[in-house]
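A short worksheet on the structure shown next.
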Amino acid sequence: MNTQTEAHASRGLSASNSRLQASINWFVDLIFPPTCHGCGRVDTHWCDVCLAELNTVPITITDLSQNNLAGLCATGHHTGKLQEAIQSLKYYNTPHLAIPLGNRLTTALQTKQWIIDTIVPVPLFAAREQKRGYNQAYLLSQQVESMSNITCQPNLLQRHRDTNQQVGLSASERRENVKDAFDVTIDVTDLSVLIIDDVVTTGSTLDSCATALLSAGAKTVYALTVTHA
Ligand SMILES: [Zn+2]
33 MNTQTEAHAS RGLSASNSRL QASINWFVDL IFPPTCHGCG RVDTHWCDVC LAELNTVPIT
93 ITDLSQNNLA GLCATGHHTG KLQEAIQSLK YYNTPHLAIP LGNRLTTALQ TKQWIIDTIV
153 PVPLFAAREQ KRGYNQAYLL SQQVESMSNI TCQPNLLQRH RDTNQQVGLS ASERRENVKD
213 AFDVTIDVTD LSVLIIDDVV TTGSTLDSCA TALLSAGAKT VYALTVTHA
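Our numbering applies: residue 33 is where the sequence shown begins, and numbers increase by one.
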């Protein structure tokens with residue numbers, strides 16, 4: 033099997049596994065009825081009351097700095113309904129929450145003077161994405177793409193090590209954990225790239241992505257996250 037065929041087969045397998053995981057999630061919900069991660073109501077992972085409340089959380093654009101990023105901005109603190117919504121999106125099978133959260137990102141992006149050629153989500157390690165059924169950063173990026181007409185390239189960055197367990201690590205440990213963890217798979221020469229993720233803590237993951245992109249020839253790298261912790 034040549035490399036291209038292998039890549040197609042790999043993507044097909046990944047899509048097939050994601051569908052299988054979605055079916056498993058649906059079946060688990062049937063046996064063990066879910067509760068809303070925002071308020072505890074039964075029979076839904078995220079109820080309409082919490083959705084309405086989420087939509088009223090003000091967008092407080094916060095500019096942060098990180099070595100390799102020309103701009104880094106978040107739409108709010110990682111607290112309250114925003115925090116609950118992100119946790120629900122990541123861990124409680126609520127991909128539809130990427131729509132209101134992605135809309136926040138689009139609104140924040142519209143306030144910036146950034147010239148963006150392409151959007152790229154922070155990738156998950158493949159095995160983790162298969163287990164979750166989706167990459168939340170990709171869903172957020174898709175929503176920004178649909179609202180802004182800037183093309184999203186989900187496979188532009190690949191994570192070749194499972195580095196997601198950053199919780200509990202110090203800033204220097206986080207930096208070391210994600211160092212050289214990303215590969216650039218598409219030509220980015222002279223492109224201005226926007227990285228999207230759900231939350232920024234120390235910024236080490238975004239910085240590692242930016243390092244890979246700049247080393248591959250990207251002109252400028254920006255990053256946008258829903259919250260900052
Ligand atoms: Zn609720």
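Ideal Cβ positions, reconstructed from N, Cα and C, are used throughout, including at glycine.
Give me the residue from the options with the minimum Cα distance to residue i.
i    : options                   : result
F157 : I148, D194, I151 and T139 : D194
P127 : R164, I63 and L62         : R164
N57  : Y166, A130, L83 and L141  : Y166
G200 : M179, D215 and T234       : T234
R191 : E208, T217 and R206       : T217
D222 : D149, L96 and N99         : D149
Y124 : C79, N209, V258 and N99   : C79
G70  : C105, I93, G112 and I91   : G112
V258 : A54, Q115 and R73         : Q115
N187 : F214, S204 and A203       : F214
T94  : T143, G72 and L129        : T143
T67  : A130, H77, L141 and T92   : H77
N99  : G249, R207 and Q185       : R207
D212 : S55, A248 and T183        : A248
S55  : Q162, I182 and A250       : Q162
Is the separation between the beta-carbon of residue i and that of residue j shorter than 8 Å?
i    : j    : result
W146 : G108 : no
I227 : V154 : yes
V253 : L101 : yes
C105 : L189 : no
L129 : A140 : no
S180 : T243 : no
R136 : I91  : yes
Please report the Cβ distance between residue i and residue j, rounded to the nearest whole angstrom; I am assuming they are in contact, meaning their Cβ atoms lie under 8 Å.
i    : j    : result
L245 : V225 : 5 Å
L238 : A261 : About 13 Å; that fails the 8 Å criterion.
E172 : P132 : Rather than Glu, the amino acid found at residue 172 in this sequence is Leu. No, L172 and P132 are not in contact; Cβ-Cβ is about 10 Å, not under 8 Å.
A159 : D230 : 19 Å between Cβ atoms; not a contact.
S178 : V210 : With 8 Å as the limit, S178 and V210 do not qualify as a contact, their Cβ atoms being about 29 Å apart.
Use the C-beta contact count for residue i: other C-beta atoms within 10 angstroms, 16 or more gives buried, fewer gives exposed.
i    : result
G134 : buried
D75  : exposed
L52  : exposed
S120 : buried
I151 : buried
S42  : Because the pLDDT at S42 is just 44, under 50, the model does not fix this residue reliably, and the point stays unresolved.
A203 : exposed
E321 : No answer is possible for residue 321: the residues shown for the chain start at 33 and end at 261.
A84  : exposed
A39  : Unreliable positioning characterises A39 in this predicted model, as indicated by a pLDDT of 42, which lies under 50. A coordinate reading is not provided.
Taking Cβ positions only, does residue i come closer than 8 Å to chain B?
i    : result
G235 : Among the chains of the structure shown, chain B does not appear; only one protein chain is present.
| Closer than 6 Å to ligand 1: residues, by C-beta to nearest heavy atom, in chain order | With 6 Å as the limit between CB and the heavy atoms of ligand 1, the residues that fall short of it are C68, G70, C71, R73, C79, V81 and C82.
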